[in-house]
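First comes the structure, then the notes that go with it.
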Amino acid sequence: MAGAEAEGGVKGGAEAAGGPGTGAEAGLPQVRGHVEALDGVRALAALMVLVFHVAIETGAALAPGVLGALLATGELGVPLFFALSGLLLYRPWARAAFDDTPLPRARPYLWRRALRVLPAYWLVAVVALLLWSREHLNSGAVWAQVMTLTYVFDTDPWYVGTGPYGLGQTWSLSVEATFYALLPLLALLLHRAAARGRPGPAVRGRRLLVGLALITAVGVLALLPQYYPEPRPYMYAWLPRCLGMFAVGMGLAVLGEWAWREGGKAGAADGPVRRFCRTLPRAATLCWLLAGAMYLLAATPAAGPRFVGVDGFWISLVSMATSMGFAFFVIAPVALRPARPAGPPPVRAGGGAWLEALLGHRVMRYLGRISYGVFLWQFIVLYLWRDFTGQEIFTGSFWLDVIPVAAGTVVLADLTYRFVERPARHWYGAADGGRRKNRSGPRRPRTPVN
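Residue numbers for the sequence shown follow our numbering, beginning at 493 and rising by one.
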């Protein structure tokens with residue numbers, strides 16, 4: 493899915509606390525710049541979703557037994573995408589809430605999000621429509637729905653499943669886009685609640701976490717109209733149900749910024765937030781074991797059937813809890829790690845460095861960079877491959893399909909990254925008009941895309 497980027501650099505707290513060098517020595521989380529290991533998390537999420545879709549199409553995920561259950565649970569890659577977006581996009585607003593600095597401007601933020609998401613998506617959407625939805629090409633409403641990612645709000649859809657043929661996975665991209673649009677408003681409400689009375693960092697941090705808990709509660713309440721008084725399956729693809737998954741990442745952003753401000757400076761005595769932020773990266777093995785436990789729980793019937801969607805309120809609660817828990821324990825030990833010196837990450841048994849070495853490996857970083865294309869192209873490649881080999885739905889060999897489908901998807905994703913995604917970034921500054929050109933002093937390098 494679209495890679496979220498850190499919107500702006502760290503001001504105030506981190507720099508006032510001694511800068512990134514001091515933070516690394518004190519074990520404080522890296523809250524600015526590019527975190528290479530997060531690219532690895534994004535690569536993991538994209539591969540999980542791809543494996544899940546191939547397993548569903550071949551029927552391997554629907555087969556009885558442990559392997560089928562584990563393959564069917566690959567859809568937990570989607571909560572990873574949601575939590576990553578919450579973490580990386582909310583950081584500048586969390587920073588402003590702690591420091592009483594001006595909020596990030598919504599217009600440039602929304603412009604960058606649109607450029608990050610839409611050009612590559614439009615390319616893939618046109619290809620899918622031309623291949624499999626030709627009977628709808630003369631419908632302006634269909635084109636409008638697909639191009640704006642609003643087709644999920646059609647309660648009597650013209651397509652079958654979670655989206656138009658070849659675009660079934662983009663329901664989650666629609667959820668992401670809705671979150672992008674609402675984030676400035678959500679962040680403003682959180683900011684006003686946190687800054688009321690101009691309290692210290694501890695009170696602000698607690699208020700922000702309480703606000704995120706309330707956002708999660710809204711996600712729980714959104715399940716009621718999804719099932720009562722009658723089931724509305726289309727609401728599965730709407731944002732409210734997923735708010736808690738975004739709140740996981742937003743909460744990690746709050747903790748990272750809070751740790752820099754707890755005690756006033758990096759050398760101050762540890763408080764509970766700093767201890768928590770130091771403990772999770774050091775306990776990375778335990779965190780990933782707990783993530784594995786969440787994955788196993790999600791693979792049981794308690795978390796719902798082996799297909800997209802959940803067919804009951806209480807099962808949905810279990811599914812939501814396991815999704816949030818899995819995302820938290822996978823991402824937290826990476827998001828809260830301190831900055832490290834340049835060079836390859838160390839590989840050793842202790843301190844959780846093995847996780848950084850794994851996720852920061854150049855292969856994982858590469859797959860993370862092209863992960864949006866992997867997400868977008870996988871169904872088109874999968875369906876073309878199965879048409880070429882003459883396979884019917886829910887038949888075939890998972891192992892014989894996953895390798896060529898993954899290879900073809902990576903090739904198209906690489907080309908899309910080189911010729912669509914990366915060139916689109918040159919237009920990021922257009923929404924700022926002439927403001928940047930008129931600035932005096934040395935030019936600050938742009939924060940890399942995460």
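Think of the CB as a built atom: it goes at the ideal place given N, C-alpha and C, for glycine as much as any other residue. Since the model is a prediction, treat every value here as computed from it, not as a measurement.
Taking a 10 Å sphere around the C-beta of Glu627, we find fewer than 16 other C-beta atoms and assign the residue as exposed.
Note that the C-beta distance between Pro596 and Ala606 is not below 8 angstroms.
Ranking Arg699, Gly865, Ala669 and Gly525 by CA distance to the CA of Leu641 puts Ala669 first. Counted as a single uninterrupted DSSP element, the alpha helix (DSSP H) harbouring Gln718 occupies residues Leu715 to Tyr719. Rounded to whole angstroms, the gap between the alpha carbons of Gly741 and Leu580 is 8 angstroms. In the DSSP annotation of this structure, Ser625 is not part of any alpha helix (DSSP H), being labelled neither H nor E. CA-to-CA, the gap between Asn630 and Ala620 works out to about 15 angstroms. Boundaries of the alpha helix (DSSP H) harbouring Pro764: Pro764 to Arg774, taken from the DSSP string. With contacts defined by Cβ atoms closer than 8 angstroms, Gly852 and Glu567 do not form a contacting pair. DSSP places Glu722 in the coil class of the three-state scheme, outside both helix and strand.
A residue is called buried when at least 16 other Cβ atoms come within 10 angstroms of its Cβ; His683 meets this threshold and is buried. In summary, Arg583 is buried, with 16 or more beta-carbon neighbours lying within 10 Å of its beta-carbon over all protein chains present. The alpha-carbon of Ser863 is positioned some 13 angstroms away from that of Gly900. By the Cβ test, the segment 555-563 is not in contact with the segment 648-659, since fewer than three Cβ pairs between them sit closer than 8 angstroms.
Of the candidates Ala686, Ala705, Met856 and Arg857, the residue whose Cα lies closest to the Cα of Gly697 is Ala686. Sequence-distant partners of Gly860 (beyond 5 residues in either direction) whose C-beta falls short of 7 angstroms from its own C-beta, in its chain, are Asp531, Gly532, Arg534 and Ala535. In the structure shown, Thr593 adopts coil according to DSSP, grouped into three states. Inclusion of Phe574 and Phe738 in the CB contact set at 8 angstroms is warranted, their separation being smaller than that value. Taking each of Ala905, Gly844, Met812 and Thr565 in turn and checking the Cα distance to Val866, the smallest one comes out for Ala905. Judged by DSSP in its simplified three-state form, Arg690 adopts coil rather than helix or strand.
When secondary structure is reduced to three states using DSSP, Phe886 falls in the coil class, being assigned neither helix nor strand. When the Cα atoms are used, Ser808 and Ala795 turn out to be separated by approximately 7 angstroms. By the Cβ-count criterion, Ile707 is buried, with 16 or more other Cβ atoms from all chains shown falling within 10 Å of its own Cβ.
Pairing Tyr643 with Pro594, the inter-Cα distance amounts to about 35 angstroms. In this structure Ala898 is not in contact with Leu562, their Cβ atoms being roughly 18 angstroms apart against a cut-off of 8 angstroms. In the DSSP annotation of this structure, the continuous segment of the alpha helix (DSSP H) that includes Glu528 starts and ends at Glu528 to Thr550.
Per the coordinates, the alpha-carbon of Leu876 lies some 44 angstroms from the alpha-carbon of Val746. Counting along the chain, the unbroken alpha helix (DSSP H) around Gln870 starts and ends at Ser863 to Thr881. Annotation: Val810 to Ala922 spans about 44 angstroms, alpha carbon to alpha carbon. Rounded to whole angstroms, the gap between the alpha carbons of Tyr787 and Gly689 is 42 angstroms. The C-alpha of Ile823 is placed about 23 angstroms away from the C-alpha of Trp730. Beyond the five residues adjoining it in sequence on each side, Ala705 comes within less than 8 angstroms, by CB distance, of Ala739 in the same chain, given in chain order.
Residues of the same chain with a CB within less than 7 angstroms of the CB of Leu701, apart from the 5 flanking positions on each side, are Gly743 and Val746 in chain order. Comparing alpha carbon positions, the residue from Tyr672, Arg767, Gly658 and Ala553 closest to Arg599 is Tyr672. Taking the Cα positions, Val618 is about 20 angstroms away from Arg878.
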